[in-house]
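Asker: This is the structure, below, for whatever I ask next.
Structural data, given as structure tokens:
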């Protein structure tokens, strides 16, 4: 559709991993790429709050340096303008800041790269749901919004928690952007499970141990039988009972909540995990024999 | 044994992850810690060559700013001096440089932190073997050599490829250093398997997919049945037949050799993997259905 010459003038989408929480765990490359990009993109929940961090942010208008895409927009219309959103209180600038601040990946990255504050911001509404139709629509809308910036010749850095290749929803939209013919690049980062092991001061796997990473919100039936070390992510409210079940099976169970973030907590056994442990908790279960050797 | 007051004057051992190969994938924290430490430690093979990179380096004396520990030294004697090694050719300085350059983690880190060249170097001889007695002795000797530096009040940065918590032999010696009562800290990094996925431009796992990391040199029997995505590390010379076997089972098989290093190669299918693919090759196998969805 587009000529090669035109495409060479287009920007690149960088999927940038910002690591698990500590701003010092951004890589040199992440810092450089963020500085060099004209636009910084972030995922926010349709209501304007961050993904599962429980904070609720006022809706904000898409004026100023901020564009939003997702809620209420027509997926076919190559979203360029802000969608229909209601200003609620405060100045535009305040609301822009509030929405941007609602994104955890932004809050981490801006501590390592203060220049982020001055970048054009693109807030992408990504709902937390397993409804494939809704997800499909949000990925398409996000990809379209990014494409608008790329066609303007701007490079876009999409900031993502942890490592982008491990359970990041941004990769669906990025794949679509690539299918549309734009250049995309992944910037690797530190995963939450490696950081959790570091936080516990322990090796994650060694020697002949296998490592199994389980997205626990989808069920853990098989996982209870895997040998070696099992890491459970995204267990949510079931994490306490999961930890107890694993411990009953004779495993050593440890956990880290909000690794490297404010409110970080370390659980040295399943019994220490309380009802308030949430989405950002990583559970590490291993056979006791292996740990003690 | 030591008083708390004394211990407070001791240095800290930092186990520093330098990532998979690209010097830009060092974290900000890794760079800061390396700069701040007085001593930089590296693992080298007893013969003086790097771990499995096929290069053979002349033995060198332990004079100048370099200390070696491991070969021929008495594990009980708190190795402080260089062990019995034969100077072969060139000046001390040349041999020191050659031994240090034989360590891949050093070669990566020095490109991000040129100050490394001026640091006191501690080369730790870590044999590639599964013989537990030899391993045990090398870990003890390395820990003792590090402890000498810590008691001098020096901070030590032990540079390790990838992420320190994932199959790094340095963690055995570090655990011993901690048991001896010294402070140790882990600095997280990018794992080779995340970087390999980034190199392929693909997500590693998404949605409900499980991720299984298999140290293939210990056998892969169970691994052939795991659902989701399987990553095989350290397969060595068996990697080609392993890839073919997985592909015959209907899996999509891709690989990356020396990700981010000179001589990086990408294999888009098992058939592309040739006889020369070696130790630093990561194999990623996934069910085709999941990849195509």
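Chains as they are written, first to last, in my numbering: chain A, 2 to 294; chain B, 2 to 294.
The beta-carbon is built from N, C-alpha and C at its ideal position, and this holds for glycine as well.
The structure presented is a predicted model; accordingly, all values stated were derived computationally and were not measured.
(1) Please report the distance separating the alpha-carbon of residue 286 of chain A from that of residue 205 of chain A.
(2) Considering only residues of the region 209-279 of chain B, which uninterrupted alpha helix (DSSP H) runs meet the minimum length of 4 residues and lie entirely inside it, listed in chain order?
(3) Between the Cα of residue 239 of chain A and the Cα atoms of A:253, A:123, A:144, A:220, which residue gives the shortest distance?
(4) With H, G and I counted as helix, E and B as strand and the rest as coil, what does DSSP make of residue 14 of chain B?
(5) Along chain B, which residues have their Cβ under 8 Å away from the Cβ of residue 214 of chain A?
(6) Do residue 32 of chain B and residue 106 of chain B have their beta-carbon atoms positioned less than 8 Å apart in this structure?
(7) Count the CB pairs spanning the region 22-30 of chain B and the region 17-35 of chain A that are closer than 8 Å, and state whether there are at least three.
(8) Classify residue 137 of chain A as buried or exposed, calling it buried when 16 or more other Cβ atoms lie within 10 Å of its own Cβ.
(9) Closest Cβ-Cβ distance between residue 222 of chain A and chain B: below 8 Å?
(10) Please report whether the beta-carbon of residue 1 of chain B lies at a distance below 8 Å from any beta-carbon of chain A.
(11) Pick helix, strand or coil for residue 162 of chain A, following the three-state DSSP scheme.
(12) In the DSSP assignment, the beta strand (DSSP E) including residue 40 of chain A goes from what residue to what residue?
(13) Please report the distance separating the alpha-carbon of residue 98 of chain B from that of residue 158 of chain B.
(14) Please state the DSSP three-state secondary structure of residue 195 of chain B.
(15) Who are residue 20 of chain B's beta bridge partners in DSSP?
(16) With 9 Å as the limit, tell me which residues of the region 10-26 of chain A have their beta carbon closer than that to any beta carbon of chain B; keep them in chain order.
(17) Could you name the residues of chain B that residue 33 of chain A contacts, counting a contact when the two beta carbons are closer than 8 Å?
(18) Three-state secondary structure (DSSP) at residue 283 of chain B?
(19) Decide if the region 213-231 of chain B is in contact with the region 257-264 of chain B; the criterion is three or more beta carbon pairs, one per stretch, under 8 Å apart.
(20) For residue 10 of chain B, I'd like the list of residues in its chain whose CB is within less than 8 Å of its CB, leaving aside the five on either flank, ordered along the chain.
(21) Return no unless some Cβ of chain B is closer than 8 Å to the Cβ of residue 281 of chain A.
(22) Can you say whether residue 192 of chain B is buried or exposed, counting buried as having 16 or more other CB atoms within 10 angstroms of its CB?
(23) Could you check which residue in B:13, B:12, B:103 has the C-alpha nearest to that of residue 44 of chain B?
(24) Using the beta-carbon of each residue, which ones in chain A are nearer than 8 Å to residue 30 of chain B?
(25) For the alpha helix (DSSP H) holding residue 122 of chain A, just list the boundary residues, first then last.
(26) Opposite residue 33 of chain A in the DSSP bridges: which residues?
(27) For residue 151 of chain B, which residues of its own chain have a beta-carbon under 6 Å away from its beta-carbon, when the five flanking residues on both sides are left out?
(28) Taking Cβ-Cβ distances below 8 Å as the criterion, which residues of the region 260-274 of chain B are in contact with chain A?
(29) Would a check of beta-carbon distances place residue 38 of chain A closer than 8 Å to chain B?
(30) Taking 8 Å as the CB-CB limit, is residue 130 of chain A close to chain B?
(31) Do we get a CB-CB distance below 8 Å when we pair residue 164 of chain B with the residues of chain A?
(32) For a contact defined as C-beta to C-beta under 9 Å, what are the partners of residue 167 of chain B on chain A?
(33) Listing by chain order, which chain A residues have their CB less than 9 Å from the CB of residue 181 of chain B?
(34) Is the CB of residue 228 of chain B under 8 Å away from at least one CB in chain A?
(35) Looking at residue 34 of chain B and residue 17 of chain B, is the spacing between their C-beta atoms short of 8 Å?
(36) Taking only beta-carbon atoms, is residue 52 of chain A less than 8 Å away from chain B?
Answerer: For this structure:
(1) Approximately 10 Å between the Cα atoms of the pair.
(2) Within the region 209-279 of chain B, the complete alpha helix (DSSP H) runs of at least 4 residues are 240-249.
(3) Considering only alpha carbons, the answer is A:220.
(4) DSSP places residue 14 of chain B within a strand segment (E or B) once states are collapsed to three.
(5) What residue 214 of chain A touches in chain B: 206, 211, 212, 213, 214.
(6) Annotated as distal: residue 106 of chain B and residue 32 of chain B, with beta-carbon spacing of 8 Å or more.
(7) By the Cβ rule, the region 22-30 of chain B counts as touching the region 17-35 of chain A, because three or more pairs are nearer than 8 Å.
(8) With fewer than 16 other Cβ atoms from the protein chains shown falling within 10 Å of its own Cβ, residue 137 of chain A counts as exposed.
(9) Among the CB atoms of chain B, none fall inside 8 Å of the CB of residue 222 of chain A.
(10) Nothing about residue 1 of chain B can be reported from this structure: the residues present for chain B run from 2 to 294 only.
(11) Note: residue 162 of chain A maps to coil in three-state DSSP.
(12) Segment 40-45, the beta strand (DSSP E) holding residue 40 of chain A.
(13) Those two C-alpha atoms are separated by around 18 Å.
(14) DSSP places residue 195 of chain B within a helical segment (H, G or I) once states are collapsed to three.
(15) Answer is B:163, bridged to residue 20 of chain B.
(16) Flagged, chain order: 16, 18, 20, 21, 23, 24, 25, 26.
(17) Those within 8 Å of residue 33 of chain A in chain B are 25.
(18) DSSP places residue 283 of chain B in strand when its eight states are reduced to three.
(19) Result no; under three Cβ-Cβ pairs closer than 8 Å.
(20) 154, listed in sequence order.
(21) Chain B contact via Cβ: absent.
(22) It counts as buried.
(23) The candidate whose alpha carbon is nearest that of residue 44 of chain B is B:103.
(24) Those within 8 Å of residue 30 of chain B in chain A are 23, 25, 26.
(25) It is not in any alpha helix (DSSP H) - residue 122 of chain A instead sits in the beta strand (DSSP E) that spans 121-126.
(26) Assignment of beta-bridge partners to residue 33 of chain A by DSSP yields no partner.
(27) If we look at residue 151 of chain B and ignore the five residues flanking it on each side, its Cβ neighbours are 11, 12, 183.
(28) Those would be none; no residue qualifies.
(29) At a cut-off of 8 Å, the C-beta of residue 38 of chain A has no neighbouring C-beta in chain B.
(30) With 8 Å as the cut-off, residue 130 of chain A does not count as an interface residue toward chain B.
(31) For residue 164 of chain B, the answer is yes, since a Cβ of chain A falls inside 8 Å of its Cβ.
(32) Neighbours of residue 167 of chain B on chain A, chain order: 195, 198, 204, 205, 206, 207, 212.
(33) At a beta-carbon threshold of 9 Å, none of the residues of chain A lie near residue 181 of chain B; the nearest stands roughly 15 Å away.
(34) Yes - at least one Cβ of chain A is within 8 Å of the one on residue 228 of chain B.
(35) Cβ atoms of residue 17 of chain B and residue 34 of chain B: closer than 8 Å.
(36) For residue 52 of chain A, the predicted structure reports a pLDDT of 42, less than 50, and the residue's modelled location is therefore unreliable. A value from the coordinates is still provided. No, residue 52 of chain A does not count as interfacial toward chain B.
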